[in-house]
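There are 2 protein chains.
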Amino acid sequence: MNTIMQLLRSHRSIRKFRDKPVDDAVLQAIMRCGQAAATSSNIQATTVIQVRKADTRREIARLAGDQSYVATAGAFLVFCADLNRPRIACEKQGGNFAEGMTEHFIIATVDVALFAQNCVLAAESLGLGICYVGGIRNDPAGVCTLLELPDQVYPVFGLCLGYPAQDPEIKPRLPLAAVFHQDRYPGVDFTPEIRDYDQRLRRYYRTRTGGTKESCWSREVKTLVGRKTRPHMREFLKSRGFSMQ
Amino acid sequence: MNTIMQLLRSHRSIRKFRDKPVDDAVLQAIMRCGQAAATSSNIQATTVIQVRKADTRREIARLAGDQSYVATAGAFLVFCADLNRPRIACEKQGGNFAEGMTEHFIIATVDVALFAQNCVLAAESLGLGICYVGGIRNDPAGVCTLLELPDQVYPVFGLCLGYPAQDPEIKPRLPLAAVFHQDRYPGVDFTPEIRDYDQRLRRYYRTRTGGTKESCWSREVKTLVGRKTRPHMREFLKSRGFSMQ
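Residue numbers (our numbering), protein chains in the order written: chain A, 118 to 362; chain B, 118 to 362.
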């Protein structure tokens, strides 16, 4: 395993940061690494907004579910899927932008994630810690207003970056056998893999919290997919031009 | 700029590969790097299918728009957004899976992209070249049949990996000023940035093709967003349980 693979495998989310900003030059270097990621047909549908204003950061921290580190991390970025810039380019060429296609939504969302993951690895290679913040989708319309996002742009997730003030353990993952298959999806219900992983994760939480957190994977997953999570997303996206045709 | 950032910035798609397979141990090490990526609430919604059967690979190469390297690369993987495994875990805990939520679709799609980008960087760190294959979405139902994907699983993109038999130039990107902003989305139409980039990309294509390819970014983008790209995606997703509620 080389040093890059070691870096990849040592990721954990950081939620406590030293009181030290991230230099502009460092952020720009990180962004250039993001730009170098693959992009579908070179559409480059990612836009990143760095939020500097303290009151905006506090407001986003609140709407993301009181995630205080959104306000206090060395830097906070909002990663947006942007079909507005491609729309403009298309119209400059005399084309008519095909609004609301599901395929374009997928292209833009994947583009953003590839770009962001490159930024994350660049940041981690520089000793920074990061934390993705999906919680901005609690109130995506609020984020649009705060950041003056136009139609055809939606905020996919936030990203905290900063110098770590904690050193958490790496979280165990599902057995590889549950996620990597040959030629076909297995016709099984993953009982042994889920049981094994639930046990490992239960131990991880007990050790990490001194016995106060009692949970496991299937319980966490039930919380996430056993209810209508963020049911506003469909109408929100529709209102911004992503009607999913 | 450290070696990791240099690797990130040196990415280009590889579409010609040496006739040499990628070892199973190497692929497994790459997958473990993928698993280490961040995942929304630890849902781990990524499933990867390695396609080994020669006839299946030829069939996917064909449906992806005659991309022959899908059949000939050292390895070919299909990255799937998988809510089937979370559904099973949820039901094991006595929960009722909330089918068809747009939010869960976004979570799973982003999860897949973060996982894949880690795999890509691990592969590139080992001297492999890669090429994402969005073309599998030309016929996603066909891919589902070939790989026996159950409901709640959709193929997001393919990935070719192999030892490079070409050394293409790095493709220039939009000026950073077009994609990275402070505090708010700029109220501009990006005229200078698009003009500048169109010129740079025109030069890149001329040099690379010996003058035979005459294109630029806004023209390419018009081809992609100036028409109803893959209009079957909505109905396809609906038919697999992704009804976008």
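Idealized CB from N, CA, C, for every residue including glycine.
So residue i is in the beta strand (DSSP E); what residue range does that whole segment cover?
| i | result |
| --- | --- |
| B/Thr164 | Thr163 to Gln167 |
| B/Ala198 | Ala192 to Asp199 |
Anything in chain A within Cβ reach of residue i, meaning under 8 Å, just list it in chain order.
| i | result |
| --- | --- |
| B/Ile205 | Asp306, Phe307 and Ile311 |
| B/Glu62 | Nothing about residue 62 of chain B can be read from this structure; chain B reaches only from 118 to 362. |
| B/Gly343 | Cys207, Gln210, Gly212, Asn213, Phe214 and Ala215 |
| B/Thr226 | Ile223, Thr226, Val227 and Ala230 |
Residue i touches chain A at which residues, Cβ-Cβ below 7 Å?
| i | result |
| --- | --- |
| B/Glu337 | Ser158 and Asn159 |
| B/Glu331 | Result: empty, since nearest Cβ-Cβ is about 14 Å, beyond 7 Å. |
| B/Ser242 | Asn119, Ile121 and Met122 |
| B/Tyr249 | Ala155 |
Where do the N-terminal and C-terminal ends of the alpha helix (DSSP H) with residue i fall, by residue?
| i | result |
| --- | --- |
| B/Val270 | Run containing B/Val270: none in the alpha helix (DSSP H); it sits in the beta strand (DSSP E), Val270 to Gly279. |
| B/Ile177 | Ala171 to Leu180 |
| A/Phe353 | Met350 to Ser356 |
| A/Val143 | Asp141 to Gln152 |
| B/Gly259 | Pro257 to Leu264 |
| A/Glu337 | Trp334 to Val342 |
| A/Ile121 | Thr120 to Arg126 |
| A/Ala155 | Where A/Ala155 is concerned, there is no enclosing alpha helix (DSSP H), given that its DSSP letter is neither H nor E. |
| B/Ala188 | Tyr186 to Thr189 |
Quick check: is any heavy atom of the ligand MG less than 7 Å from the C-beta of residue i?
| i | result |
| --- | --- |
| A/Asp141 | What this structure holds is no ligand at all, so the ligand MG is not there to describe. |
Thinking C-alpha only, which one of the options is nearest residue i?
| i | options | result |
| --- | --- | --- |
| B/Ile131 | A/Asp136, A/Asp141, A/Ala155 and A/Ile147 | A/Ala155 |
| A/Arg135 | A/Thr189, A/Arg336, A/Val165 and A/Val143 | A/Thr189 |
| A/Thr164 | B/Gln123, B/Gln362 and B/His298 | B/His298 |
| A/Asp313 | A/Pro289, A/Arg301 and A/Thr326 | A/Pro289 |
| B/Lys339 | A/Gly304, A/Phe274, A/His221 and A/Ile177 | A/His221 |
| B/Thr173 | B/Val250, B/Phe193 and B/Pro138 | B/Phe193 |
| A/Leu245 | A/Arg204, A/Leu291, A/Lys133 and A/Tyr322 | A/Lys133 |
| B/Arg357 | B/His128, B/Ala198, B/Gly151 and B/Pro281 | B/Ala198 |
| B/Asn255 | B/Phe353, B/Met148 and B/Ser127 | B/Phe353 |
| B/Ala162 | B/Leu231, B/Ile147 and B/Leu243 | B/Leu231 |
| B/Gln362 | A/Gln234, A/Arg351, A/Asp141 and A/Met148 | A/Arg351 |
| B/Ile247 | B/Lys355, B/Leu144 and B/Met122 | B/Leu144 |
| A/Leu263 | A/Phe214, A/Arg175 and A/Tyr186 | A/Arg175 |
| A/Thr329 | A/Arg320, A/Gly343, A/Gln184 and A/Ile160 | A/Arg320 |
| B/Tyr271 | B/Gly259, B/Leu180 and B/Leu278 | B/Gly259 |
| B/Gln210 | A/Arg129, A/Lys345 and A/Asp315 | A/Asp315 |
| A/Arg126 | B/Ser127, B/Glu216, B/Asn235 and B/Met122 | B/Asn235 |
| B/Val250 | B/Gln123, B/Ala178 and B/Leu238 | B/Ala178 |
| B/Glu337 | B/Ile166, B/His349, B/Lys355 and B/Leu318 | B/Leu318 |
| A/Leu278 | A/Gln123, A/Arg202, A/Glu241 and A/Ala294 | A/Glu241 |
| A/Val296 | B/Thr120, B/Lys137 and B/Pro203 | B/Pro203 |
| B/Gly191 | B/Met218, B/Leu276 and B/Asp306 | B/Leu276 |
| A/Lys355 | A/Tyr322, A/Arg323, A/Thr226 and A/Thr219 | A/Thr219 |
| A/Ala142 | B/Arg344, B/Met118, B/Asp306 and B/Ala171 | B/Met118 |
Can you pull the chain B neighbours of residue i, defined as C-beta to C-beta under 9 Å?
| i | result |
| --- | --- |
| A/Ala258 | Those within 9 Å of A/Ala258 in chain B number zero; the least Cβ separation is about 14 Å. |
| A/Leu245 | By Cβ distance, chain B contributes nothing, its closest Cβ being about 12 Å from A/Leu245, past 9 Å. |
Whose Cβ in chain B lies nearer than 7 Å to the Cβ of residue i?
| i | result |
| --- | --- |
| A/Leu200 | Val342 |
So with CB distances below 8 Å, who are the chain B contacts of residue i?
| i | result |
| --- | --- |
| A/Gln362 | Lys345, Pro348 and Arg351 |
At a Cβ threshold of 8 Å, is residue i touching chain D?
| i | result |
| --- | --- |
| A/Ile166 | Absence of chain D from the displayed structure is noted, the protein chains being A and B. |
(request) Could you name each continuous alpha helix (DSSP H) segment of 4 residues or more that falls completely within the segment 219-253 of chain A, going from the start of the chain to the end? (result) Runs found: 219-242.
(message) Which complete beta strand (DSSP E) runs does the segment 283-328 of chain B hold, if anything under 3 residues is left out?
(response) 297-299
(message) Any C-beta of chain B within less than 9 Å: which residues of the segment 265-282 of chain A qualify?
(response) Glu265, Leu266, Pro267, Val270, Val273 and Phe274
(request) Output, in sequence order along the chain, the residues in the segment 162-191 of chain B whose CB is closer than 8 Å to any CB in chain A. (result) Thr163, Thr164, Val165, Ile166, Gln167, Val168, Arg169, Lys170 and Thr173
(request) Report the residues of the segment 142-154 of chain B with a CB closer than 9 Å to any CB of chain A, ordered along the chain. (result) Leu144, Gln145, Ala146, Ile147, Met148, Arg149, Cys150, Gly151, Gln152, Ala153 and Ala154
(request) Using a Cβ-Cβ cut-off of less than 8 Å, give me the residues of the segment 127-139 of chain B that come near chain A, in sequence order. (result) Shown in chain order are the members of the segment 127-139 of chain B whose Cβ falls below 8 Å from a Cβ of chain A: Ser127, His128 and Ser130.
(request) May I ask you to list, following chain order, the residues of the segment 288-307 of chain B that have a beta carbon less than 9 Å from some beta carbon of chain A? (result) Taking 9 Å as the Cβ-Cβ cut-off against chain A, the residues of the segment 288-307 of chain B that qualify are Lys288, Arg290, Leu291, Leu293, Ala295, Val296, Phe297, His298, Gln299, Asp300, Arg301, Tyr302, Pro303, Gly304, Asp306 and Phe307.
(request) With 7 Å as the C-beta to C-beta threshold (strictly closer), list the residues of the segment 312-329 of chain A near chain B in chain order. (result) none
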